[in-house]
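One structure is given below, encoded as structure tokens.
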């Protein structure tokens, strides 16, 4: 059995400051909605999970997804 090592859409981004949850359905939505984002930066105060509730590493710079993988 091969283990899937890529995040599965939809991706949920939970902002801890206010509890707001964004559900993003594809790579284009990740870039255009998050613009500048780094899930590993504690100042973001956000959790990123895939459709199977797995932790995701996500980095977006200038609307471009630079890193997108399972943590």
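Numbering (our numbering), first residue to last: 496 to 566.
C-beta atoms are modelled at their ideal positions from N, C-alpha and C, and glycine is treated no differently.
query                                                                                                                                                                                             : result
Might you give, ordered along the chain, the residues of its own chain that have their beta carbon closer than 7 angstroms to the beta carbon of residue 559, omitting 5 neighbours on each side? : 526
Have a look at the DSSP bridge pairing and note the partners of residue 517.                                                                                                                      : 508
One question on the structure: do residue 551 and residue 533 come within less than 7 angstroms of each other, judged by their Cβ atoms?                                                          : no
Consult DSSP for residue 525 and reduce its assignment to one of helix, strand or coil.                                                                                                           : helix
So the candidates are 503, 530 and 516; which of them puts its Cα closest to the Cα of residue 557?                                                                                               : 530
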